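For the sequence shown, the tail end lands on 399 under my numbering, and the numbers increase by one without skipping.
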Amino acid sequence: MNLPKTYAVMIKETRHIMRDPTTLLMLLLIPVFLMIVYSYAMAVDIKEVSITLLDNDRSAQSREFIAVLSNSKDLVVGAEAESYAQAEDWFDLSLIKALVVIPPGFGKKIQAGRPVEVQVLVDGTDPATAGFAIEHILSRSQVWGYQMALKVYNRQAGSAQLALIKEPLELRTRTWYNPTLNNQKGIVPAMLALVLNLPAIVVMGAIVREKEMGTLEGIFATPLSRGELLLGKIIPYIAAGLISALLCAAAAVYIFDAPFAGSLALFMLLSADFFLAAFSMALLMAIFLPTQTAASMVGLLVFIFPAFFLSGVFFPVSAFPEMVQLEASFIPATPFVAVVRGLMIKGQGLEALWPQALLMLGTGIVMTLLSILFFRKRIG
Numbered sequence: 020m021n022l023p024k025t026y027a028v029m030i031k032e033t034r035h036i037m038r039d040p041t042t043l044l045m046l047l048l049i050p051v052f053l054m055i056v057y058s059y060a061m062a063v064d065i066k067e068v069s070i071t072l073l074d075n076d077r078s079a080q081s082r083e084f085i086a087v088l089s090n091s092k093d094l095v096v097g098a099e100a101e102s103y104a105q106a107e108d109w110f111d112l113s114l115i116k117a118l119v120v121i122p123p124g125f126g127k128k129i130q131a132g133r134p135v136e137v138q139v140l141v142d143g144t145d146p147a148t149a150g151f152a153i154e155h156i157l158s159r160s161q162v163w164g165y166q167m168a169l170k171v172y173n174r175q176a177g178s179a180q181l182a183l184i185k186e187p188l189e190l191r192t193r194t195w196y197n198p199t200l201n202n203q204k205g206i207v208p209a210m211l212a213l214v215l216n217l218p219a220i221v222v223m224g225a226i227v228r229e230k231e232m233g234t235l236e237g238i239f240a241t242p243l244s245r246g247e248l249l250l251g252k253i254i255p256y257i258a259a260g261l262i263s264a265l266l267c268a269a270a271a272v273y274i275f276d277a278p279f280a281g282s283l284a285l286f287m288l289l290s291a292d293f294f295l296a297a298f299s300m301a302l303l304m305a306i307f308l309p310t311q312t313a314a315s316m317v318g319l320l321v322f323i324f325p326a327f328f329l330s331g332v333f334f335p336v337s338a339f340p341e342m343v344q345l346e347a348s349f350i351p352a353t354p355f356v357a358v359v360r361g362l363m364i365k366g367q368g369l370e371a372l373w374p375q376a377l378l379m380l381g382t383g384i385v386m387t388l389l390s391i392l393f394f395r396k397r398i399g
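Now the structure itself:
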């Protein structure tokens, strides 16, 4: 082995890397980026699950029970529901994940040492969050129930209260939208949103390939404006993406038995909204990328890894730190996962999904305008 020759090749390759900032950034930043994403995603703990209560008793005991459920960072008790119908509306709008219904006569039965049935309704759209809510509501209810039972038993010192000590609060759990908490029914619609990120990498690669081949320079000789050129390029990809979305939805329903409770027309409209956001983001990045290899790597970093771990497919976005939640909101897949789950599993309409639709539309418009701004200058 000739060390001087090896050293010469090493120097040459080092200079090549230094002249290619994209390669250098990938070598230095990709491991750090992936470590951060994996660490947040794999070490996540579900917390701050939004629940509400319907107190049909309004007694001192029911207020104490509500205080016990509220005294935790795991469960966030918001405004109490005034009626069962109002709670249903909150479920439909995804404002709450669980409802605890306190029956009339709750306080009197507790004081008399008789078991009480408490109904717990849970949103099964996300099985992991639903299971977490059931577990924590059950554990807190049991602890409080036993404490109250012992107080009654010690006060009355009679054998009649033994039944209460065995099961002071009987929780009757009912799961909406996914009664069996079938994990596949919650995951498959979200996976649909995840895999539809892949066409964005195709868009990015196609634009970079045209840059490498020099065909874009010829288009500049035409009287097309930058906006006309970019929209003309992106719309066919959106049309192809919609066909892919339709095929994926059919596969989810007919192969995996996923529900489709919402409107197909709305699904296609919001899919187009998502593709506008994702493809315009891909287009903007393609303007700055020199090679198809770089485009593939950046595509994985921007569209696949964050979407896989941070979009809410496997872990609730609410479980991440606030800064990561903010970052996740700028990933087009994050609102789209909520859209597809809400539309397919819960049958939600635009009245419930408009915040996500507006976020995707805003992302698409901003990214398109930035692409128009930088396109000719960077390519030229």
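From the three backbone atoms N, C-alpha and C, an ideal C-beta is built for every residue, glycine too. If you're wondering where the values come from, they're calculated on a predicted model, not measured in any experiment.
In terms of DSSP beta bridges, what is residue 74 paired with? 121
Could you pull the start and end residues of the alpha helix (DSSP H) that residue 343 belongs to? 341-348
Tell me whether residue 28 sits in a helix, a strand or coil according to DSSP, three-state version. Note: residue 28 maps to helix in three-state DSSP.
Could you tell me the distance, in whole angstroms, from the CA atom of residue 376 to the CA atom of residue 159? 37 Å
Cα-Cα, which of 190, 393, 67 and 310 is closest to residue 90? 67
Pull up the distance between the alpha-carbon of residue 1 and that of residue 208, whole angstroms please. Because the chain here runs from 20 to 399, residue 1 falls outside it and cannot be looked at.
Would you mind reading off the limits of the beta strand (DSSP E) that contains residue 192? For residue 192, the uninterrupted beta strand (DSSP E) segment begins and ends at 188-195.
Thinking C-beta only, is residue 301 closer than 9 Å to residue 220? Against a cut-off of 9 Å, the Cβ pair of residue 301 and residue 220 comes out as a contact.
Looking only at C-alpha atoms, which of 308, 320 and 338 sits nearest to residue 51? 320
Spell out a yes or no on whether the region 108-126 and the region 75-92 are touching, meaning 3 or more CB-CB pairs, one atom from each, closer than 8 Å. yes
Kindly indicate the opening and closing residues of the beta strand (DSSP E) around residue 108. Unbroken run through residue 108 is the alpha helix (DSSP H), 103-111; no beta strand (DSSP E).
Are there three or more Cβ pairs, one per stretch, closer than 8 Å when the region 133-148 is compared with the region 184-200? yes
Just grab the DSSP bridge partners of residue 142 for me. Residue 142 pairs with 195.
What first and last residue would you give for the beta strand (DSSP E) that runs through residue 94? 94-96
Helix, strand or coil, according to DSSP, for residue 136 in the structure here? The answer is strand: DSSP assigns residue 136 an E or B state.
Can you tell me whether DSSP reads residue 69 as helix, strand or coil? strand
For the alpha helix (DSSP H) containing residue 333, list its first residue and its last residue. Per DSSP, residue 333 belongs to no alpha helix (DSSP H) and is neither H nor E.
Out of 293, 86 and 270, which has the shortest C-alpha to C-alpha gap to residue 383? Across the set 293, 86 and 270, the C-alpha of 293 shows the shortest separation from the C-alpha of residue 383.
Could you tell me the alpha carbon to alpha carbon distance between residue 34 and residue 230, rounded to whole angstroms? So the alpha carbons of these two residues sit roughly 24 Å apart.
Please tell me whether residue 171 and residue 129 are closer than 9 Å, where the distance is taken between their beta carbons. yes
Helix or strand or just coil, what does DSSP make of residue 296? Taken through DSSP and simplified to helix, strand or coil, residue 296 comes out as helix.
So the alpha helix (DSSP H) residue 400 belongs to, where does it begin and stop? Since the first residue shown for the chain is 20 and the last is 399, residue 400 is missing from the structure and cannot be characterised.
Inter-residue spacing [alpha-carbon to alpha-carbon] between residue 182 and residue 173: Because the pLDDT at residue 182 is just 49, under 50, the model does not fix this residue reliably, and the value given afterwards should be weighed accordingly. Residue 182 and residue 173 have their C-alpha atoms spaced approximately 14 Å apart.
Closest to residue 132 by CA distance: which of 168, 104 and 150 is it? Checking every option, the nearest Cα to that of residue 132 belongs to 168.
Would you call residue 179 buried or exposed, if buried means 16 or more other Cβ atoms sit within 10 Å of its Cβ? Only weak support is given to the placement of residue 179: the predicted model assigns it a pLDDT of 49, under 50, and the value that follows is read from those uncertain coordinates. Note on residue 179: under 16 other CB atoms within 10 angstroms of its CB, so exposed under the neighbour-count rule.
So for residue 183, helix, strand or coil by DSSP? Note that residue 183 has pLDDT 47, beneath the 50 cutoff, so the model's placement of it is unreliable and no number is given.
From the DSSP output, in three-state form, read off residue 253 for me. In the structure shown, the three-state DSSP call for residue 253 is helix.
Distance between residue 70 and residue 260 (C-alpha atoms, nearest Å): 37 Å
Taking 9 Å as the cut-off, decide whether the C-beta atoms of residue 72 and residue 114 are in contact. no
Is residue 166 helix, strand or coil by DSSP? helix
Touching or not, the region 344-352 and the region 365-373, by the rule of three or more beta carbon pairs under 8 Å? no
Measure the Cβ-Cβ separation of residue 337 and residue 212 and say whether it is below 9 Å. Cβ atoms of residue 337 and residue 212: not closer than 9 Å.
Under the assumption that residue 148 contacts residue 335 (Cβ atoms under 8 Å), give the Cβ distance between them as a whole number of angstroms. With 8 Å as the limit, residue 148 and residue 335 qualify as a contact, their Cβ atoms being about 5 Å apart.
How big is the Cα-Cα spacing for residue 389 and residue 102? Approximately 48 Å between the Cα atoms of the pair.
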